[in-house]
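**Q** If you count by our numbering, then the sequence shown holds residues 1464 to 1864, one letter each, in order.
All residues carry an ideal CB built from backbone N, CA and C; glycine is no exception.
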Amino acid sequence: MAASQHLHCFYITATIITYVLTHSCADGARPQDLGTYSLQQQAPTNPIHTDRFGVGVALPVTAGPGGGSYVVTVGFGTPKVDFPLLFDTGSDVSWVYCHSCSQGCSPGSPTFNPSLSSTSSSVPCKACDYTVEYHDRSQSIGVYARDTISLADTESQEGFIFGCAEKVSGDFGRTAGVLGLGQGQFSLLAQTDPNLFSIFCYCLPPTDSGTGVLWFGVQAMESCRPGASKMISLVVDPNNNGLTNYFVKFTGITIGSQRLDFNSLVSSPMSTIIDSGTVVTRLPPAVYSALRAAFRGMMSGYPAAEPTNLLDTCYNLEGREQDWTPPTMVMHFEDSVDVGLDPSAVTLREGDGESASRVCLAFAGNGDENELTIIGTQQHRGLRVYYDINGQKLAFAAGGC
């Protein structure tokens, strides 16, 4: 797909920055303000855990329209209604289009109607309205529902609490909601069997027409688990904002033979997350400027091309498409873990694969140093991304789909 087609969905399900449970108007209460980087939760009663899922689950993953976002099919209710959902490690709440949706739901998409499900039950909370706001200010607003979730033809869990969206703003493509894989109490991981869902892994489709896999449990361990020396420690939100994302200590990048150590480029420690809902990695301004300068030096023999939206460093390879290869790139993390990127992860090419004549550096700069650094899915290409929640470890394992 063209780079410009990728760009419109950079933040389809990017890092959740606001999560609010609001009281209904019937309670006479005002909704809580949506504050940047706030997380306020009023949990329903105890989530249900079960061991019914057996030893593992594997869900096919497809690329969303325009590329960059990734979709799995999940069923809700009895009889089961299948929903194509963006799976997002950057947020907690799963939600689907509600039958009563009055704004923003895609025509023809499936909707959830609790009155048509024999397993639907009331949510044990006093006021069950919700608002989820994402990094790009897109929103899902609605009420909580409780019903059976089905992750494969033979695997289901009763009593799963999720959002039934009545108003949606933003571009979610031709999907019907989000599957939240964060670490918060409303996520899929928190509401289901901890023996299974404390470990998951995914490999993303190598092309927009290809298929990847999202594994849980034993299947994730068998498919993705690297050696102990390759594991990256997860850390709590360094800024104490209560975010439940997957934070890591990202220390540097080597491009070609030039190593960029971040501690010499930024004045304060970086807060870095791994996010399956963001496409292009976002870096602090000084870090991005140094990376861009190094890349430009390596591309000095090629004519520059016009920038495209977020990507400001592009080149024209016309007539030399087959001979060009991107520079090597390695990401460095705490615990002396080095992750070599697949060549396809370094740049975005506009056109048809290796014949594309326009190439752009697949990284972007944040507006200021205090914004989250986000390692997005473009840099996950060619890797298997492994999450161990109980062990608080993460790994990028070699071998894509």
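Ignore the nearest five residues each way along the sequence and tell me which others in C1694's own chain have a CB closer than 6 Å to its CB.
**A** Start at 1 with the first residue of the sequence shown, and residue 1694 comes out as number 231. Checking the sequence shown, residue 1694 turns out to be Met, not Cys. So the list reads K1856 and A1858, once near-sequence residues are dropped.
**Q** Along the beta strand (DSSP E) that carries F1710, what are the first and last residues, could you check?
**A** Position 247 of the sequence shown, counted from the first residue, corresponds to residue 1710. Y1709 to V1711 is the extent of the beta strand (DSSP E) around F1710.
**Q** For D1551, count neighbouring Cβ atoms within 10 angstroms of its own Cβ and tell me buried if that reaches 16, exposed if not.
**A** Locating residue 1551 in the sequence shown gives position 88, where the first residue counts as 1. Its Cβ being crowded by 16 or more others within 10 Å, D1551 is buried.
**Q** Helix, strand or coil for A1753? Go by DSSP, reduced to three states.
**A** Here the question's residue 1753 lines up with position 290 in the sequence shown. Of the three classes helix, strand and coil, the one that applies to A1753 here is helix, per DSSP.
**Q** So is K1712 buried or exposed if we call it buried at 16+ other beta carbons inside 10 Å?
**A** Numbered from its first residue, the sequence shown carries residue 1712 at position 249. K1712 should be labelled buried.
**Q** Compute the Euclidean distance between the alpha carbons of P1547 and R1637, then round it to the nearest angstrom.
**A** As a position in the sequence shown, residue 1547 is number 84, starting the count at 1. As a position in the sequence shown, residue 1637 is number 174, starting the count at 1. Taking the straight line from one Cα to the other gives about 8 Å.
**Q** How many Å lie between T1525 and L1824 at the Cα?
**A** On the sequence shown, residue 1525 is found 62 positions in, with the first residue counted as 1. On the sequence shown, residue 1824 is found 361 positions in, with the first residue counted as 1. Approximately 24 Å, taken between the alpha carbons.
**Q** Indicate whether I1624 and F1660 have their beta-carbon atoms separated by less than 8 Å.
**A** Counting from 1 along the sequence shown, the entry for residue 1624 is found at position 161. Counting from 1 along the sequence shown, the entry for residue 1660 is found at position 197. No.
**Q** Could you give the first and the last residue of the continuous beta strand (DSSP E) run that contains A1873?
**A** The chain is shown from 1464 up to 1864; residue 1873 falls before or after that span and cannot be answered.
**Q** In angstroms with no decimal places, state the Cα-to-Cα distance between T1508 and S1727.
**A** Numbered from its first residue, the sequence shown carries residue 1508 at position 45. Numbered from its first residue, the sequence shown carries residue 1727 at position 264. Model confidence at T1508 stands at a pLDDT of 39, short of 50, so the residue's coordinates are unreliable and nothing is read from them.
**Q** With a threshold of 16 other CB atoms inside 10 Å of the CB of T1791, please say whether the residue is buried or exposed.
**A** Here the question's residue 1791 lines up with position 328 in the sequence shown. The residue is exposed, with fewer than 16 neighbouring Cβ atoms inside 10 Å.
**Q** Measuring alpha carbon to alpha carbon, tell me which of Y1533, G1854, T1836 and K1543 ends up nearest D1700.
**A** Numbered from 1 along the sequence shown, position 237 holds the residue referred to as residue 1700. Answer by Cα proximity: T1836.
**Q** How many Å lie between P1789 and L1811 at the Cα?
**A** To locate residue 1789, count along the sequence shown from 1; it is residue 326. To locate residue 1811, count along the sequence shown from 1; it is residue 348. C-alpha separation (whole angstroms): 10 Å.
**Q** Among S1569, A1615 and L1614, whose alpha-carbon lies nearest the alpha-carbon of F1635?
**A** Counting from 1 along the sequence shown, the entry for residue 1635 is found at position 172. Ranking S1569, A1615 and L1614 by Cα distance to F1635 puts S1569 first.
**Q** For a quick check, are the C-beta atoms of C1425 and V1606 less than 8 Å apart?
**A** No answer is possible for residue 1425: the residues shown for the chain start at 1464 and end at 1864.
**Q** Count the CB pairs spanning the stretch 1570-1587 and the stretch 1533-1547 that are closer than 8 Å, and state whether there are at least three.
**A** yes
**Q** Hey, T1744 and Y1533: beta-carbon distance below 8 Å or not?
**A** What you label residue 1744 is simply residue 281 of the sequence shown in a count that begins at 1. What you label residue 1533 is simply residue 70 of the sequence shown in a count that begins at 1. It is not a contact, given that the beta carbons lie outside the stated cut-off.
**Q** Kindly provide the ranges of any beta strand (DSSP E) runs that are 3 or more residues long and lie completely inside the stretch 1673-1704, ordered along the chain.
**A** 1674-1680
**Q** Classify A1691: buried if its beta carbon has 16 or more other beta carbons within 10 angstroms, exposed otherwise.
**A** Counted from its first residue, the sequence shown places residue 1691 at position 228. Classification for A1691: exposed.
**Q** Inspect the CB distances between the stretch 1730-1749 and the stretch 1552-1565 and report whether three or more fall short of 8 Å.
**A** yes
**Q** Go through the stretch 1789-1849 residue by residue and report every complete run of the beta strand (DSSP E) that reaches 3 residues or more, in order.
**A** With a minimum length of 3 residues, the unbroken runs of beta strand (DSSP E) contained wholly in the stretch 1789-1849 fall at 1792-1796, 1800-1803, 1810-1813, 1821-1824, 1826-1828 and 1836-1838.
**Q** What does the alpha-carbon distance come out to for the pair S1720 and L1746?
**A** Locating residue 1720 in the sequence shown gives position 257, counting from the first residue. Locating residue 1746 in the sequence shown gives position 283, counting from the first residue. Taking the straight line joining both Cα atoms gives about 20 Å.
**Q** Relative to the C-alpha of P1806, which residue among R1821, W1787 and E1797 is closest?
**A** Your numbering for residue 1806 matches position 343 in the sequence shown. With distances taken between Cα atoms, P1806 lies closest to W1787.
**Q** Rank V1631, Q1646 and G1645 by C-alpha distance to the C-alpha of A1639 and give the top, closest one.
**A** Taking the first residue of the sequence shown as 1, we reach residue 1639 at position 176. The candidate whose alpha carbon is nearest that of A1639 is V1631.
**Q** Considering only their Cβ atoms, is the gap separating P1748 from N1829 smaller than 8 Å?
**A** For the purposes of this step, residue 1829 is taken as the residue at position 366 of the sequence shown. For the purposes of this step, residue 1748 is taken as the residue at position 285 of the sequence shown. Contact: yes.
**Q** Would A1860 and R1844 qualify as a contact pair, given that the criterion is a beta-carbon distance under 8 Å?
**A** Translated into positions along the sequence shown, residue 1860 becomes position 397. Translated into positions along the sequence shown, residue 1844 becomes position 381. No, they are not a contact pair.
**Q** Can you check which of these residues, N1658, L1667 and L1774, is closest to P1523 by C-alpha distance?
**A** By one-based count along the sequence shown, residue 1523 stands at place 60. Considering only alpha carbons, the answer is L1667.
**Q** Go to F1635, then tell me how far its alpha helix (DSSP H) extends in each direction, as first and last residue.
**A** Taking the sequence shown and counting its residues from 1, one reaches residue 1635 at position 172. Looking at the DSSP string, F1635 is not in any alpha helix (DSSP H), and its letter there is neither H nor E.
**Q** Residues in the same chain with beta-carbon distance under 6 Å from Q1834, minus the five sequence neighbours each way, listed in chain order, please.
**A** Position 371 of the sequence shown, counted from the first residue, corresponds to residue 1834. Gln is not the amino acid found at residue 1834; the sequence shown has Glu there. Counting only Cβ-Cβ distances below 6 Å, and skipping sequence neighbours, we find nothing.
**Q** Under 7 Å from any heavy atom of the ligand SAM, does the C-beta of N1772 make it?
**A** Absence of the ligand SAM is noted for the structure shown, with no ligands found whatsoever.
**Q** Tell me the DSSP secondary structure of L1579 in three-state form.
**A** Against the sequence shown, residue 1579 aligns to sequence position 116. Of the three classes helix, strand and coil, the one that applies to L1579 here is helix, per DSSP.
**Q** Tell whether a beta-carbon distance below 8 Å holds between Q1842 and L1780.
**A** Within the sequence shown, numbered from 1, the residue matching residue 1842 stands at position 379. Within the sequence shown, numbered from 1, the residue matching residue 1780 stands at position 317. Taking 8 Å as the Cβ cut-off, Q1842 and L1780 do not qualify as a contacting pair.
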